[in-house]
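Residue numbers (the numbering used here): 2 to 454. Even glycine gets a Cβ: it sits at the ideal position worked out from N, Cα and C. The structure under discussion appears below in the form of structure tokens.
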Amino acid sequence: RFGAEIDFGKLEEGLTERHTPDAGIVSLLYPSRYYLGEGVDPDHDVLEGRIQPYSAYFPADLDEPAPMVVLLHSLSCSYTQYPVYTPNLITQISEPNDAVVLMPQARGPGHWYKREAELDVFEAWRDLEGRIDVDRSRVTLGGYSMGGFGACVLAAQCPDLFGRGFSVVGPPTEDPLEGLTGGLLRSPPSVTTTLFGGDGGGRLLNVFTERPSSALEIAENLRHVPMLVWSGLGDPVVPVISPDNYARRLKRHGYRHQFDVFPAETHLSFGIRDRWTGIPEFVARTKVIRNPRRVTYRHLPKLDHPEVDLVHDGAYWISDIATSEDRNSGLVDAISYADGYAPPEVGQFTEYGREPRRHLSRGVQWETPPIDARTAPENRLAIRLEGVESVTVWVEEAGLDVDDEVTLEVESDGPATLTLATTFGSHDLEVPAGEVTTKVMLGDAGAASGAVA
Numbered sequence: 002r003f004g005a006e007i008d009f010g011k012l013e014e015g016l017t018e019r020h021t022p023d024a025g026i027v028s029l030l031y032p033s034r035y036y037l038g039e040g041v042d043p044d045h046d047v048l049e050g051r052i053q054p055y056s057a058y059f060p061a062d063l064d065e066p067a068p069m070v071v072l073l074h075s076l077s078c079s080y081t082q083y084p085v086y087t088p089n090l091i092t093q094i095s096e097p098n099d100a101v102v103l104m105p106q107a108r109g110p111g112h113w114y115k116r117e118a119e120l121d122v123f124e125a126w127r128d129l130e131g132r133i134d135v136d137r138s139r140v141t142l143g144g145y146s147m148g149g150f151g152a153c154v155l156a157a158q159c160p161d162l163f164g165r166g167f168s169v170v171g172p173p174t175e176d177p178l179e180g181l182t183g184g185l186l187r188s189p190p191s192v193t194t195t196l197f198g199g200d201g202g203g204r205l206l207n208v209f210t211e212r213p214s215s216a217l218e219i220a221e222n223l224r225h226v227p228m229l230v231w232s233g234l235g236d237p238v239v240p241v242i243s244p245d246n247y248a249r250r251l252k253r254h255g256y257r258h259q260f261d262v263f264p265a266e267t268h269l270s271f272g273i274r275d276r277w278t279g280i281p282e283f284v285a286r287t288k289v290i291r292n293p294r295r296v297t298y299r300h301l302p303k304l305d306h307p308e309v310d311l312v313h314d315g316a317y318w319i320s321d322i323a324t325s326e327d328r329n330s331g332l333v334d335a336i337s338y339a340d341g342y343a344p345p346e347v348g349q350f351t352e353y354g355r356e357p358r359r360h361l362s363r364g365v366q367w368e369t370p371p372i373d374a375r376t377a378p379e380n381r382l383a384i385r386l387e388g389v390e391s392v393t394v395w396v397e398e399a400g401l402d403v404d405d406e407v408t409l410e411v412e413s414d415g416p417a418t419l420t421l422a423t424t425f426g427s428h429d430l431e432v433p434a435g436e437v438t439t440k441v442m443l444g445d446a447g448a449a450s451g452a453v454a
């Protein structure tokens with residue numbers, strides 16, 4: 002028997018009452034601005050309709066603007082994964098930090114956070130911001146297994162949106178052989194794009210997309226996004242050597258990270274135990290860097306999806322990177338000396354921990370360099386280009402004075418167009434291959450246009 006009390010007086014007055022929970026887990030819907038089709042695409046395991054679901058967790062004492070943790074689901078799972086299987090993970094990263102947790106559907110169970118899946122993450126984020134005020138300076142990205150892969154990739158593609166990232170038993174590559182070999186080898190297409198994936202779906206299972214992607218290729222972009230990586234020594238699905246290769250890649254770049262290896266854990270045991278000591282503390286220190294004095298960004302055209310307005314061609318004050326046609330990727334490494342500059346002192350650490358279980362931690366940490374190591378402030382920009390046809394630098398965001406003469410030091414492995422953008426216009430400079438130094442005045446519109454000899 003079912004029933005409900007009806008207040009006919011309220012009906013007559015036309016009152017509307019809503020009983021949406023204001024704390025805890027809430028399932029929500031949003032309307033996508035993109036029409037991708039109707040229903041479910043069984044060949045690609047994609048939910049194509051305009052109306053898409055996601056989950057959110059609101060802490061008991063929500064104080065807006067609130068920090069946010071974006072939690073990406075695993076392969077063969079959905080936006081309900083964490084509320085059902087690891088509720089402690091949600092509460093432990095939310096309640097102590099007063100953070101809202103966003104758990105997107107990603108348009109299906111296994112699209113590896115590209116195209117429709119990546120689009121869904123940001124559309125769900127947009128919808129959530131229509132409901133509460135999110136503090137964009139305190140946003141963390143994380144996930145379990147495939148969700149951990151998504152955290153590594155999206156943080157590298159959009160490093161100016163996330164302050165920190167964490168991956169629990171996440172592979173650094175969609176192709177397992179590529180992860181195991183640190184990017185040296187890849188599985189034959191008969192495996193990744195015929196039997197277990199590819200355009201139209203795999204003959205046996207849908208595990209891989211038509212073009213398996215890799216977080217290893219764009220790890221350089223994480224200069225200002227510290228990463229936490231957990232791995233189980235007994236993990237048969239994502240063997241420890243795979244995330245170890247990812248940690249080694251970050252170490253090679255001198256980037257901050259912590260790689261924790263748990264001898265007694267496997268791929269699923271972290272979720273079964275649902276104990277996460279260390280992750281909430283890591284999340285608590287999140288701070289999104291907006292306009293750093295050094296920007297490193299690698300553009301990988303194969304990761305772009307312009308049909309849904311997803312183009313990853315820059316971050317911070319670097320944008321519109323166009324990779325040369327004969328190259329697979331284009332790298333920009335730029336330093337603004339507006340406030341002086343000294344690279345951080347890079348140190349390595351090894352520690353032993355007991356919580357949530359015994360583990361070995363190793364990684365890279367930064368220390369502030371001595372004051373006398375910092376160069377004097379100059380209105381100077383140094384930029385290195387590899388495989389880049391053109392790029393835009395937003396001069397004022399880099400801290401440079403557009404009313405004064407700007408010194409440009411450019412090193413490029415080929416001819417390139419360097420666009421200097423300001424609030425009052427943009428100026429194109431044609432730079433040759435090699436190393437050149439020039440001085441430009443940007444205050445006079447159009448004065449900087451031309452070639453650099």
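May I ask you to report which of helix, strand or coil DSSP gives residue i?
i, result
"residue 448", "Because residue 448 sits at a pLDDT of 49, beneath the cut-off of 50, its placement in the model cannot be relied upon, and the point is left open."
"residue 151", "helix"
"residue 216", "coil"
"residue 22", "coil"
"residue 10", "helix"
"residue 259", "strand"
"residue 158", "helix"
Taking only the alpha-carbon atoms, compute the straight-line gap between residue i and residue j and give it to the nearest angstrom.
i, j, result
"residue 266", "residue 69", "28 Å"
"residue 448", "residue 334", "With a pLDDT of 49 at residue 448, under the threshold of 50, the modelled position of that residue is not reliable, and the figure given next carries that caveat. Distance between the alpha carbons of residue 448 and residue 334: 25 Å."
"residue 360", "residue 261", "6 Å"
"residue 240", "residue 173", "11 Å"
"residue 253", "residue 396", "29 Å"
"residue 325", "residue 388", "5 Å"
"residue 30", "residue 53", "5 Å"
"residue 425", "residue 398", "13 Å"
"residue 314", "residue 392", "9 Å"
"residue 10", "residue 3", "22 Å"
"residue 5", "residue 13", "17 Å"
"residue 370", "residue 17", "60 Å"
"residue 91", "residue 246", "28 Å"
"residue 27", "residue 100", "14 Å"
"residue 165", "residue 232", "18 Å"
"residue 187", "residue 175", "10 Å"
"residue 345", "residue 362", "21 Å"
"residue 148", "residue 237", "17 Å"
"residue 118", "residue 372", "45 Å"
"residue 163", "residue 321", "20 Å"
Give the single residue among the options whose Cα lies nearest to the Cα of residue i.
i, options, result
"residue 226", "56, 174, 298, 181", "298"
"residue 157", "169, 146, 170, 141", "141"
"residue 178", "193, 164, 12, 170", "193"
"residue 1", "129, 325, 339", "With the chain covering 2 to 454 only, the question about residue 1 has no answer from this structure."
"residue 342", "364, 374, 367", "374"
"residue 336", "412, 305, 269, 264", "412"
"residue 423", "438, 440, 400", "400"
"residue 57", "283, 48, 9, 24", "24"
"residue 380", "120, 405, 242, 42", "405"
"residue 300", "222, 55, 402", "222"
"residue 317", "19, 212, 331, 159", "159"
"residue 259", "60, 169, 51, 47", "169"
Could you check how far apart the C-beta atoms of residue i and residue j are, in whole angstroms? I think they sit under 8 Å.
i, j, result
"residue 421", "residue 443", "6 Å"
"residue 234", "residue 152", "Actually they are not in contact, since the Cβ atoms of residue 234 and residue 152 sit about 21 Å apart, beyond 8 Å."
"residue 243", "residue 154", "Contact flag wrong, Cβ pair sits at about 14 Å."
"residue 113", "residue 182", "19 Å between Cβ atoms; not a contact."
"residue 137", "residue 289", "7 Å"
"residue 251", "residue 167", "About 13 Å; that fails the 8 Å criterion."
"residue 386", "residue 414", "7 Å"
message: Taking 8 Å as the cut-off, does the region 95 to 113 touch the region 74 to 82 (at least 3 CB pairs, one atom from each stretch)?
response: yes
query: Would you call the region 351 to 361 and the region 272 to 288 touching, i.e. three or more CB-CB distances under 8 Å?
result: yes
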